[in-house]
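Asker: Chains as they are written, first to last, in our numbering: chain F, 1066 to 1371; chain G, 1066 to 1371. Beta carbons are placed, not taken as given, at the ideal position from N, Cα and C, and that holds for glycine. Below is a structure I'd like to ask you about.
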């Protein structure tokens, strides 16, 4: 068995050499070719089609949210190492001279940067909760939202499937514990059937989030024990662990409490989301069917409209 | 004539009330409804169709680039007040306790954030230049790239057309001064004809970039003098200045020098870009034709595939 690091590098180099990804000089930041994007768009359309029967409300968010929302969500507490916050220069002409001086000397200019109140979105669903909360009590049928967002996680890696900036297509359910449960079951079946139709090997397994530090290990093991998170795993790089391409998350009333979302029965709403990592699925397809989508099996191309 | 501030607010409230934009609690950050996005997609497809005859290379970049690239581009020097850089927590368990303490007291936790080497993309074309530079001498026919990217500019505003996060569809030309000139003329005609077909009033005028500070005023006036920047302006909010919806930029050899891009003749390449602000055009359409796209003139809907 080869070293995972060497295998990651080889796969990354293959993708760069075939012009599917474009180097940006930073681990985990890549440009995408037109071919790569057509696969992403095909996946995105297929995921949308799987969810359409439920008539979700469509919301599209920019790659950022207010820092206060990120704080409120608990993300900064639980995943500070992954969270990205946005800083900018806010000085006058004198401070500008300091910045120019530092730039011209190749010095460290980070001291000129101040927080802007904007943070980067860590997962597509984070924009949804405050919006649903602001609408008052959730209706009897609950709420169902379809989102698609660029996300950021600060985890530079040579594994092309672990990007710092990537897109998630999510469906988000807000309502009673029963509505959440049935949503998650429905989507586990839909995701399994979609990924099978793409000719990819898969397994759905209990998982946990990468909580920070010592205290985080306890949170992660409790999450596993309660089966709050499942992942759909696909082997991408042979010598490496399988890659989570879809995740199914039951947040219980965590976000309901954070934003005081009132369920129809008057108690705190429960929430859940199913998130598809469209870049990861694209990479899995390229790995299993080859670097030329025109040569993929007809059935797979058909699912993706390629 | 009413106060521009009041007019901006009124327009923003109308957009929120019609559910076209969704408040995110931060000036200049908005969610978009499915209807809003269908207009954006229609515009994006129409811009793509206008450029297709030239067979540009498609590149798609994430919302961020390496901080070093932002530095190299001169953006941090010239527009430090607009640039966004990404910071994250990089401490251990002890620092985490400091962060948790600050979060629980509602204190300022920005001191726990360190630069990540990632910055936000200020304009769609910034990803392109280092990639083209890395390929060596530009071929005789020059290079032509089609990009579409989420951009960030730190300028919180109540004007819904001045968002902090928005998308630009750009075509970027790299080659000789003559190739640049002819590219810019072609696109001024294409943009004029596209925006006219959308039933929007427009004017194309010489413009300048919002360079920072006292020194910046000199740069801006030199840019105007040399007619290096033109903007396609559309009136959106009646009591306010017209809004730049498309810009046509001749960078001379500024980016060619920054990244050492060699033109076919062996001298430094010139570059130009035409950038469409798809949110701004969407807002202009909503303002001029009303908040219900189904009621828009048939010709306009036809151009957008709505």
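1) For residue 1153 of chain G, go through chain F and note every residue whose CB falls closer than 8 angstroms to its CB, in chain order.
2) State the DSSP-derived secondary structure class of residue 1074 of chain F, mapped to helix, strand or coil.
3) Considering Cα atoms alone, identify which of G/1123, G/1371 and G/1093 is closest to residue 1218 of chain G.
4) Just verifying my parser: in three-state terms, what is the DSSP assignment at residue 1031 of chain F?
5) What's the C-alpha gap between residue 1172 of chain G and residue 1241 of chain G?
6) Do you know how far the Cα of residue 1331 of chain F is from the Cα of residue 1108 of chain G?
7) Closest Cβ-Cβ distance between residue 1177 of chain F and chain G: below 9 angstroms?
8) Cβ of residue 1214 of chain G within 9 angstroms of Cβ of residue 1125 of chain G?
9) How would you list, in chain order, the residues of chain G whose beta-carbon sits under 7 angstroms from the beta-carbon of residue 1158 of chain F?
10) Per DSSP, what are the beta-bridge partners of residue 1180 of chain G in this structure?
11) Residue 1240 of chain F lies in the beta strand (DSSP E); which residues open and close that run?
12) Where does residue 1368 of chain F land, buried or exposed, given buried means 16+ other C-beta within 10 angstroms?
13) Identify, in the order they occur along the chain, each residue of the same chain with its Cβ nearer than 7 angstroms to the Cβ of residue 1077 of chain G, setting aside the five sequence neighbours on each side.
14) Using a Cβ-Cβ cut-off of 8 angstroms (strictly less than) and excluding sequence neighbours within five positions of residue 1289 of chain F, which residues of its own chain qualify?
15) Where does residue 1186 of chain F fall in DSSP's three states?
16) I want to see whether chain F comes within less than 9 angstroms of residue 1341 of chain G, judged by CB atoms only; does it?
17) Return the bridge partner residues of residue 1320 of chain G from the DSSP annotation.
18) For residue 1364 of chain G, which residues in the same chain have their Cβ closer than 8 angstroms to its Cβ, ignoring the five residues on either side in sequence?
19) If you draw a straight line from the alpha carbon of residue 1168 of chain F to that of residue 1135 of chain G, how long is it in whole angstroms?
20) Could you tell me which chain G residues have their CB closer than 9 angstroms to the CB of residue 1089 of chain F, listed as they occur along the chain?
21) Based on Cα-Cα distance, which residue from G/1163, G/1190 and G/1256 lies nearest to residue 1346 of chain G?
22) With 9 angstroms as the threshold, decide whether the Cβ of residue 1098 of chain F is near any Cβ in chain G.
23) Compute the distance between the beta-carbons of residue 1130 of chain G and residue 1185 of chain G, then report whether it is under 9 angstroms.
24) Kindly indicate if chain G contains any beta-carbon less than 9 angstroms away from that of residue 1230 of chain F.
25) Quick one: which chain F residues come within Cβ less than 8 angstroms of residue 1215 of chain G?
26) Residue 1295 of chain G CB to nearest chain F CB: under 9 angstroms?
27) Check the Cβ-Cβ distances between residue 1069 of chain G and every residue of chain F, and say whether any is below 9 angstroms.
28) Would you check if the distance between the CB atom of residue 1300 of chain G and the CB atom of residue 1266 of chain G is smaller than 9 angstroms?
29) Just to make sure I have the definition right: I need the residues of chain F whose C-beta is within less than 7 angstroms of the C-beta of residue 1161 of chain G. Which are they?
30) Would you mind reading off the limits of the beta strand (DSSP E) that contains residue 1104 of chain F?
31) Could you tell me which of F/1339, F/1356, F/1359 and F/1360 sits nearest to residue 1209 of chain F, measuring between CA atoms?
32) What do you reckon, is the C-beta of residue 1317 of chain G under 8 angstroms from a heavy atom of the ligand GDP?
33) Shortest alpha-carbon distance to residue 1313 of chain G belongs to which of G/1348, G/1248 and G/1071?
34) List, in chain order, every chain F residue whose beta-carbon is nearer than 7 angstroms to that of residue 1180 of chain G.
35) Quick one: which chain F residues come within Cβ less than 8 angstroms of residue 1102 of chain G?
36) Within 10 angstroms of the Cβ of residue 1283 of chain F, are there 16 or more other Cβ atoms? Answer buried if so, exposed if not.
Answerer: In this structure, then:
1) Neighbours of residue 1153 of chain G on chain F, chain order: 1145, 1146, 1147, 1148, 1149, 1150 and 1219.
2) helix
3) G/1093
4) Past the edges of chain F, shown from 1066 to 1371, lies residue 1031 of chain F, and the structure says nothing about it.
5) 54 angstroms
6) Distance between residue 1108 of chain G and residue 1331 of chain F, taken at the CA atoms: about 43 angstroms.
7) Interface criterion met: the Cβ of residue 1177 of chain F is under 9 angstroms from a Cβ in chain G.
8) yes
9) 1278 and 1279
10) G/1152
11) 1230-1240
12) That one is buried.
13) 1223 and 1225
14) Closer than 8 angstroms at Cβ, skipping near neighbours: 1271, 1272 and 1273.
15) coil
16) Taking Cβ atoms only, chain F never reaches closer than 9 angstroms to residue 1341 of chain G, which makes this a no.
17) Paired residue(s): none; residue 1320 of chain G is not in a bridge.
18) 1262 and 1264
19) Using only the alpha carbons, I get a separation of about 11 angstroms.
20) 1126, 1127, 1129, 1130, 1131, 1134, 1192, 1195 and 1196
21) The shortest C-alpha to C-alpha distance from residue 1346 of chain G to any of G/1163, G/1190 and G/1256 is the one to G/1256.
22) yes
23) yes
24) yes
25) By Cβ distance, chain F contributes 1127, 1128 and 1215.
26) No - not a single Cβ of chain F is within 9 angstroms of the one on residue 1295 of chain G.
27) no
28) yes
29) The contact set of residue 1161 of chain G on chain F, defined by CB atoms closer than 7 angstroms, consists of 1145, 1277 and 1278 in chain order.
30) Segment 1099-1116 is the alpha helix (DSSP H) holding residue 1104 of chain F; no beta strand (DSSP E) there.
31) F/1339
32) Among the ligands in the structure shown, none appear at all, so the ligand GDP cannot be discussed.
33) G/1248 is the residue among G/1348, G/1248 and G/1071 whose C-alpha sits nearest the C-alpha of residue 1313 of chain G.
34) In chain order, 1175 make up the part of chain F whose C-beta sits under 7 angstroms from the C-beta of residue 1180 of chain G.
35) 1123 and 1125
36) exposed
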